[in-house]
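Residue numbers (the working numbering), protein chains in the order written: chain G, 411 to 761; chain C, 411 to 761. Think of the CB as a built atom: it goes at the ideal place given N, C-alpha and C, for glycine as much as any other residue.
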DNA sequence: CTTGATATGCTCGATTCGAGCATATGTGGT
DNA sequence: ACCACATATGCTCGAATCGAGCATATCAAG
């Protein structure tokens with residue numbers, strides 16, 4: 411096979427080359443910031459490591475740990491991240507993956523102000539909560555404090571019906587740029603799909619979409635802070651979760667969505683577990699992250715059947731009932747199956 | 411709920427804050443490059459848009475289109491990408507998504523040389539090949555020219571058994587840092603999993619893993635160019651696909667892997683199709699990307715059953731047999747189902 | 001020793017899905 | 001006009017998967 415298909419109106423190759431490949435020196439210089447969403451599960455509560463700015467003042471704002479990336483010091487982005495996380499929080503990261511790179515100007519620049527030329531690269535790290543032996547800075551906070559509408563463990567959170575749904579309906583009715591080729595879905599349809607309104611299914615992975623919809627509707631404190639006009643249009647904007655510095659809440663939303671998606675097709679839950687655990691503890695950890703309750707017997711069948719775990723031989727007594735067998739992660743499963751996640755039943759599709 | 415769980419050895423919050431949040435001004439400045447892997451399917455061949463450096467010289471190297479990101483000019487990364495792709499190739503991108511941010515120093519700096527200090531953000535764009543009306547620069551090239559071992563459409567590519575497998579076995583036997591906590595899988599196990607050796611299953615999504623393994627083993631021309639010692643150890647290094655400039659082949663590998671993964675759970679195939687198409691054309695497009703042949707009748711059943719398409723009412727004759735009904739993408743499916751991809755059967759899991 | 005709690009094993013029915021058979025309807029050759 | 005052939009399309013059957021519930025095991029606490 412030796413295809414080479416040129417576009418119509420093929421130009422002289424010399425020109426093509428010169429136009430497409432500008433010299434590296436004419437890049438604008440910007441700073442690179444690394445943001446880490448460090449996630450753990452503590453007492454069945456999914457938590458993220460946050461630090462607090464001005465913790466004693468009234469206008470306290472939480473932020474994700476972050477640090478600059480220096481290409482002089484570090485050969486790779488992830489290496490840089492691990493180094494300063496260790497230096498500054500005492501935590502040795504285990505599993506870490508890159509999430510997304512954000513470069514949007516958040517806060518509108520004042521007239522004459524220069525845009526904050528910082529590009530931030532978000533990372534997701536998963537760690538065992540009890541492994542924070544060396545943790546010297548920062549606190550673990552439930553991620554549902556920042557995203558209360560994401561907490562479906564007991565039932566549909568009231569905040570959706572009481573606060574979010576009515577305001578999104580109002581927002582959808584406001585005059586707005588109609589559905590366009592770029593944005594072919596109407597405001598009300600987006601609200602319906604994101605939040606499962608009017609009988610639509612709830613998709614627990616759409617964490618970022620939900621956050622951005624609320625931001626766009628001006629219902630998120632950060633939107634007001636950033637000077638978005640939609641936010642200024644509300645006279646009774648409710649408090650929807652704790653705000654965070656800069657776009658850190660958006661990064662955390664990305665991290666939650668990614669964690670929820672990935673747990674289903676890669677064995678990443680085990681990064682959050684101690685070496686030995688009972689199947690029920692494993693199930694509770696999965697539920698802390700995904701939300702819905704799972705069928706206990708079937709969860710056991712799936713996890714064991716997939717070869718994800720093996721019994722240690724020990725049991726854990728003091729469980730309030732029959733002692734539970736202890737299991738450990740079977741690393742060999744990675745050598746056997748291509749995508750061994752904790753498969754959970756998809757929510758029933760409504761038509 | 412109001413959890414706030416501090417790490418052991420909680421410090422004074424003031425110090426915590428100061429350590430973790432350094433001022434933005436002490437970032438190192440770097441340049442941001444945007445790289446676009448623009449993918450289409452032309453005559454059942456998956457292609458990417460490439461430009462050629464020094465097309466007439468002997469040391470010609472292909473490259474992905476790229477351009478600098480200027481935060482002064484562009485509000486968002488994706489906006490910047492669309493703008494210069496349009497300016498420079500005449501192509502109006504439809505679907506685009508961010509892939510990954512690479513900052514590794516590729517070429518080892520000469521003594522006294524400064525590291526390139528460029529961070530490149532890779533994007534994946536999908537487009538209809540016949541929509542290249544305005545294409546003024548660049549050529550479409552089959553992506554299997556860069557990754558011949560990925561082309562499983564006819565059968566297992568010979569290059570795996572003839573070139574790759576024997577050399578990876580040799581590489582696995584060379585003295586190497588043993589499996590460590592950071593890299594718990596041995597060389598031979600990695601080779602086995604990546605390339606489906608010794609009866610392991612082939613996972614068509616692991617495109618990047620395979621490329622990086624070959625790079626690490628020094629079997630990729632770029633590894634030699636970058637001065638990797640593993641590459642210098644070969645006296646008979648075979649030519650495994652066309653090389654590309656800088657780390658562009660790695661970005662293309664990421665793009666292929668992402669496309670293969672995403673096509674299964676989001677309706678992105680339709681970005682590659684004309685407005686009207688037959689189900690067989692759709693199937694051929696999916697197969698061009700995923701590789702294995704699909705069962706025709708079942709493909710039809712799945713696609714129709716998922717509500718992904720609707721008949722236009724017309725038929726396409728001249729198909730060499732009974733005329734085929736024409737279909738179009740049902741955009742409304744996005745409002746009905748959470749993850750409507752082209753589900754294809756997973757390859758049988760071997761135990 | 002009883003009660004209650006949790007752990008664990010098993011079964012049944014609905015649904016999904018791989019695979020093949022059968023039929024429909026064109027094109028091109030004689 | 002008719003036949004051979006190619007592709008399109010519809011349908012069915014059996015295996016595997018999965019949701020849901022029943023039944024049993026084994027501990028702690030009173």
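| query | result |
| --- | --- |
| Use the C-beta contact count for residue 558 of chain C: other C-beta atoms within 10 angstroms, 16 or more gives buried, fewer gives exposed. | buried |
| Within the 9 Å Cβ cut-off, does residue 739 of chain C reach chain G? | no |
| Residue 616 of chain C CB to nearest chain G CB: under 9 Å? | yes |
| At 4 residues or longer, and completely inside the segment 535-602 of chain G: list those alpha helix (DSSP H) runs for me, N to C. | 575-583 |
| Within its chain, find whatever has a CB closer than 6 Å to the CB of residue 741 of chain G; leave out the 5 residues flanking it on each side and keep chain order. | none |
| Return the first residue and the last residue of the beta strand (DSSP E) that residue 724 of chain G is part of. | 719-726 |
| Beta-carbon of residue 439 of chain G versus every beta-carbon of chain C: anything under 9 Å? | yes |
| Check this for me: beta carbons of residue 663 of chain C and residue 621 of chain C, under 9 Å apart or not? | yes |
| Run down chain C in chain order and give the residues with a C-beta less than 7 Å from the C-beta of residue 611 of chain G. | 748 |
| With distance defined between alpha-carbon atoms, name the residue in C/470, C/453, C/574 nearest to residue 652 of chain C. | C/470 |
| Within 9 Å of any Cβ in chain C, is that where the Cβ of residue 645 of chain G sits? | no |
| Should residue 616 of chain C be labelled buried (16 or more other beta-carbon atoms within 10 Å of its own) or exposed? | buried |
| I need the boundaries of the beta strand (DSSP E) containing residue 480 of chain G, first residue and last residue. | Premise fails: residue 480 of chain G is in no beta strand (DSSP E) and is neither H nor E. |
| Is the separation between the beta-carbon of residue 446 of chain G and that of residue 475 of chain G shorter than 9 Å? | yes |
| Below 8 Å on C-beta distance, what does residue 508 of chain C contact in chain G? | 510, 511 |
| Are the beta-carbon atoms belonging to residue 718 of chain G and residue 743 of chain G less than 9 Å from one another? | yes |
| Report the neighbours of residue 527 of chain G on chain C: residues whose CB is nearer than 7 Å to its CB, in chain order. | 481 |
| Using DSSP bridges, identify the partner residues of residue 451 of chain C. | C/456 |
| What residues are listed by DSSP as bridge partners for residue 751 of chain C? | Note: residue 751 of chain C sits in no beta bridge, so no partner. |
| Do residue 511 of chain G and residue 531 of chain C count as a contact pair if the criterion is CB distance below 9 Å? | yes |
| Give the residues of chain G in contact with residue 594 of chain C, contact being defined as C-beta atoms less than 8 Å apart. | 741 |
| Would a check of beta-carbon distances place residue 724 of chain G closer than 9 Å to chain C? | no |
| Give the single residue among G/678, G/747, G/639, G/528 whose Cα lies nearest to the Cα of residue 600 of chain C. | G/747 |
| Below 8 Å CB to CB, which residues in the same chain sit around residue 644 of chain C once its five sequence neighbours on both sides are set aside? | 577, 628, 629 |
| Looking at the secondary structure, which residues open and close the beta strand (DSSP E) in which residue 735 of chain G lies? | 734-739 |
| Determine the chain G residues that contact residue 514 of chain C at a beta-carbon separation under 7 Å, and present them in chain order. | 485, 486 |
| Residue 654 of chain C versus chain G: which residues are under 9 Å apart at the beta carbon? | Within 9 Å Cβ-Cβ: nothing; residue 654 of chain C doesn't reach chain G, min ~13 Å. |
| Does residue 725 of chain G pass the burial test, meaning 16 or more other C-beta atoms within 10 Å, or should it be called exposed? | exposed |
| So is residue 656 of chain G buried or exposed if we call it buried at 16+ other beta carbons inside 10 Å? | buried |
| By DSSP, does residue 688 of chain C sit in helix, in strand, or in coil? | coil |
| Quick test of the definition: if touching needs 3 or more C-beta pairs under 8 Å, does the segment 720-734 of chain G touch the segment 479-488 of chain G? | no |
| For residue 442 of chain C and chain G, any beta-carbon pair shorter than 9 Å? | yes |
| Return no unless some Cβ of chain C is closer than 9 Å to the Cβ of residue 599 of chain G. | yes |
| Looking at the C-beta of residue 603 of chain G, does it have a partner C-beta in chain C at a distance below 9 Å? | yes |
| Could you tell me which chain G residues have their CB closer than 7 Å to the CB of residue 531 of chain C, listed as they occur along the chain? | 511 |
| May I ask you to report which of helix, strand or coil DSSP gives residue 643 of chain C? | coil |
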